[in-house]
Structures are given as structure tokens and as C-alpha cells.
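**Q**
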Amino acid sequence: MFFLLSCKKEGNDLDVRETKFYASYNTNYFTKGESEFPSGNKVKIYCYNSGSELSLSFPLAGTPKLATAGSSGNLTPTGSIVLPKGLYDFYAVSLNNNLNPEIEFDSGHSQILENGKDYIWAKQTTINEGAAVSFSLSHRAVGIDIKLNSVEGVEDLNVTSVRITPPKPIATSTMNLQTGIIGYSSEKEPFITIPLNNGKYFWIILPAELFAMEVEVTVNAIIGGVSVTNKVYRATVPQQTLNGGILYSLNLSVGANSMSFTGSVIQDWTTQTIGDIILTED
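Under the working numbering, residues 97 to 378 are what the sequence shown spells out, in order.
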């Protein structure tokens, strides 16, 4: 639980108030609604005078503060700070894990961010000193979930590798602390391998616009009754914008001589169909 202290002097008495901080987790990658923020996860909390334009302001003394989530989303800081009576805006940033989020902000903007990190963010504005502050943290990067299945003529499909060309981190790939928005990239990195995690080929990438991601899949299978090993398929996803905070589920079907996208789903919010795209043998 994060205690933010404020002081009001009346005669010789010092009135000390506490502000309690809580965190919940907006799991919009998989289900609508919120759940308890995982215990042990780290959060950086920033405090500004209410209404401050962050590009022209500095965080108040003592912030950012690193806090750790406990039971019921309570946040416990590394230390407390003292603020005078007034109204404040609070911002929270995390990597959605138990590591110190190594994100630094200068004039309200972060350094260039990286693929593979689950940046989550929240804000609460116009908060009185002494009030309880609840953060609802949400994903700000992009989720990519690749699902594969076989069609008639393909048996015993065993996927051994999935690779994609993620967006390249460039000068615009920074987070705006005031809005939580991560800027778009339009450049492409070389192929990287997506790890198999809990039975899913899932990875987190930076937002991108006018972006045509390439996919490469290596499989072992029985095709037309013949056993094949390390058969490689490739294709390019049609150029599109990959928006932060959304999980894109790419569905792929493996055939005897090619592989096609059967659709791309933006889970929970809307459904977007990407037309039939043929993945050819490499």
C-alpha cells in the first residue's frame, strides 16, 4: 500500500493525511473487464500538480516512486513523500512483471522502447491529497498470437519454429506519459523467433503503421502420406496499422504446398478479416 503524505499546519499541530494507492489490471488482451493486479509486480508512480502539461513540467519531489503490488492490488512503495494540500495528477507505468520498469521520462516522453516488453500504463487526475487512488493498468504495446492448423492432406503437424519481422524501434517509438500512447514505427526488423509459451506462439511488439509483417513457419508433418522434415513456409501479412493495446490473433492453415491466412482477429473488441494470403515454400 502506497502512503502519500500531506501536511497541514494548524498552530503547533501537524495534520498528517495519507493517500492510499491500489492497482487493478485491465486484461483487454483476453477478456473485457478488470482483475486483481498480480502480487509482486512492480509499478513506477509519478506525481504532478493537477493540470500540468508534462512536456513543460517536472514530477514533484520524491517521484517517481517504485511500488510493489501486494494482496488485493495494494501498492507498497520504497518510501513515502510529503505533499502540501492541493490537487494532483498521478501516472503509473509497469512492465507487467516483478522487474523494476526501466523506463525514464524526459519532458513527458520515454526513451525509445523495445519489442518483447508488455508496457502497461494508467493515470488518475485531479486527486485531492489524502484521497485513495486506484490505477486501472492497461496494455500499451501490441500482442501477436499466431495459431496454426492443418487442412486435408496434412497429418501429424508439428510446428518447430515461428518467426516474424517485428517493427523496428525508431525515434517515434516512445511513450507519452500523459496519454500512455506509444508512437508508431513504419520500419521493419529482421526475423526473430517467437517462443512457444503455454502452448501459444505469442509475442509483444511495438505499434506500427503502414506495416507489412512477414511470417515464417517451419514444420514437420506427413503430407500426402509422405513424412517431411523442416518444411519452411513464408508469407507477408497485408500492410496495415497495428494499434497499441490490441491483441491480433493471426490464424494460419497449413496445406500440402502452401499455407494461408484464414483471418486476423482483434480479440474482444472488433473482428478484422485479412483475406486469403498464400504462404509459399521457402
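Yeah, the Cβ is synthetic: ideal placement off N, Cα and C, and Gly gets one too.
Owing to the predicted nature of the structure, the values given are computational and were not obtained by experimental measurement.
Keeping to the same chain, check which residues put their C-beta closer than 7 Å to that of A352; ignore five residues upstream and five downstream.
**A** Contacts found: G249, V250, I319, G320.
**Q** Tell me which residues share the same chain as F201 and place their Cβ nearer than 6 Å to its Cβ, disregarding the 5 neighbours each side in the sequence.
**A** L273.
**Q** For my contact list, E225 and Y184 are in at a C-beta cut-off of 8 Å; report their separation, rounded to the angstrom.
**A** That pair is a contact at about 7 Å.
**Q** Keeping to the same chain, check which residues put their C-beta closer than 6 Å to that of F126; ignore five residues upstream and five downstream.
**A** Because the pLDDT at F126 is just 44, under 50, the model does not fix this residue reliably, and the value given afterwards should be weighed accordingly. For F126, where only same-chain residues beyond five positions count, there are no Cβ hits under 6 Å.
**Q** For V322, does the count of other Cβ atoms within 10 angstroms reach 16, so buried, or fall short, so exposed?
**A** Under this definition V322 is an exposed residue.
**Q** By how many angstroms is the C-alpha of R330 removed from the C-alpha of S190?
**A** C-alpha separation (whole angstroms): 35 Å.
**Q** Please name the residue, chosen from T268, S230, P160, K327, that lies closest to E305 on a Cα-to-Cα basis.
**A** Out of T268, S230, P160, K327, T268 has the C-alpha closest to the C-alpha of E305.
**Q** Tell me whether L346 sits in a helix, a strand or coil according to DSSP, three-state version.
**A** Here L346 sits in strand by DSSP.
**Q** Could you check which residue in W299, G340, T270, N254 has the C-alpha nearest to that of N326?
**A** Nearest option by C-alpha distance: N254.
**Q** Between which residues of its own chain and I223 is the CB-CB distance below 8 Å, once the five residues before and five after are set aside?
**A** Only T115, S146, L183, Y184, D185, F186, V229 meet the Cβ criterion.
**Q** Can you grab the Cα-Cα spacing for the pair P265 / Y280, in whole Å?
**A** Going from the Cα of P265 to the Cα of Y280 covers about 9 Å.
**Q** Which residue from N137, S148, D252 puts its Cα closest to that of G169?
**A** Out of N137, S148, D252, N137 has the C-alpha closest to the C-alpha of G169.
**Q** By DSSP, does S230 sit in helix, in strand, or in coil?
**A** Strand, per DSSP.
**Q** Please list, in chain order, all residues of the same chain as I288 whose beta carbon is under 7 Å from its beta carbon, the five residues on each side excluded.
**A** Correct list, in chain order: R259, I260, P262.
**Q** Using only the alpha-carbon positions, how far apart do Y215 and E149 sit?
**A** The straight-line gap from Cα to Cα measures roughly 22 Å.
**Q** Less than 7 Å between the C-beta atoms of S153 and Y144, yes or no?
**A** Against a cut-off of 7 Å, the Cβ pair of Y144 and S153 comes out as a contact.
**Q** Please say whether Y344 and I240 have beta carbons closer to each other than 7 Å?
**A** Against a cut-off of 7 Å, the Cβ pair of Y344 and I240 comes out as a contact.
**Q** Determine the extent of the beta strand (DSSP E) in which A237 is found, giving its start and end residues.
**A** Careful: A237 lies outside any beta strand (DSSP E) and carries neither H nor E.
**Q** Tell me the rounded alpha-carbon separation between H205 and T174.
**A** Computed Cα separation, rounded: 24 Å.
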